[in-house]
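Residue numbers (the numbering used here): 261 to 447.
Yeah, the Cβ is synthetic: ideal placement off N, Cα and C, and Gly gets one too.
Remarks on the structure that follows.
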Amino acid sequence: MIVHATITFLSGKTLHLSDGQAPENDDDIGRWFFYNGIYDTHPHLETRFRLRQPIVGIGAPASFFLHDVADVLHTDLILHQHHQVANALGAIAGSVMVVEEILVYPMVSSSGLEVLGYYVQTSEERQEFEELDDALARARSLSEERALGAALRSGADNPQVVIEQLTDGLDTYRVRAKAMGNPRLTG
Numbered sequence: 261m262i263v264h265a266t267i268t269f270l271s272g273k274t275l276h277l278s279d280g281q282a283p284e285n286d287d288d289i290g291r292w293f294f295y296n297g298i299y300d301t302h303p304h305l306e307t308r309f310r311l312r313q314p315i316v317g318i319g320a321p322a323s324f325f326l327h328d329v330a331d332v333l334h335t336d337l338i339l340h341q342h343h344q345v346a347n348a349l350g351a352i353a354g355s356v357m358v359v360e361e362i363l364v365y366p367m368v369s370s371s372g373l374e375v376l377g378y379y380v381q382t383s384e385e386r387q388e389f390e391e392l393d394d395a396l397a398r399a400r401s402l403s404e405e406r407a408l409g410a411a412l413r414s415g416a417d418n419p420q421v422v423i424e425q426l427t428d429g430l431d432t433y434r435v436r437a438k439a440m441g442n443p444r445l446t447g
């Protein structure tokens, strides 16, 4: 299957493998060539594929699967010293993550003894609210909106947003939204 995927991808051609017939009885020369190139079944004709570039294997199963593929394609197989963890590292490194944090804190009287309302503070602006619940609700929606927008602008595909509310002292809160997604692979 890996050889088939490689050949059809690189050639840009379609090769249907199964139509119910055994490869040796198949009249389609493309399928016959393919199977004979892999299994060398014809008594007089040898067919081969030769990949001009080496195969670079990543992920834990690369050394198990790709040696035979490289042999069939008559090319070299390159396995980095840490190829077993390459997919895991790529998954981590390839994620888009944006964090947006908004501070909610009390607006106090000049004496500092009375809470008059609450501020919702972003990096660009500060809004005033009379009730803590209203301020926290605005901080949650604003942090989600800003994190989602930043993740999309950073190239995330369908990012998911997680919001957490942290107590940061008496009547003071940090509302943190994390937007995470895989990078878009096309423009």
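Item                                                                                                                                       : Value
To the nearest angstrom, report how far apart V332 and G441 are at their CA atoms.                                                         : 37 Å
Under the rule that 16 or more other beta-carbon atoms within 10 Å means buried, what is S271, buried or exposed?                          : exposed
Shortest alpha-carbon distance to T266 belongs to which of R386, D393, P366 and L311?                                                      : L311
Which one of S323, M367 and M261 has the shortest CA to CA distance from Y433?                                                             : M367
Expressed to the nearest angstrom, what Euclidean distance is found between the alpha-carbon atoms of V364 and G319?                       : 45 Å
Kindly identify the DSSP beta-bridge partner or partners of D328.                                                                          : The partner list for D328 (beta bridge, DSSP) is empty, contrary to what the question assumes.
Going by beta-carbon coordinates alone, are R400 and V359 separated by less than 8 Å?                                                      : no
Span of the beta strand (DSSP E) holding G317?                                                                                             : I315 to G317
With 8 Å set as the bound, which would you pick, yes or no: does the beta-carbon of I262 sit closer than that to a beta-carbon of chain D? : Absence of chain D from the displayed structure is noted, only one protein chain being present.
Apart from the five residues just before and just after D431, which ones in its own chain have a Cβ nearer than 6 Å to its Cβ?             : P366
Can you tell which of L373, V375, G415 and L337 has its C-alpha closest to the C-alpha of S355?                                            : G415
Could you check the C-alpha separation between S369 and Q425 for me, to the nearest Å?                                                     : 25 Å
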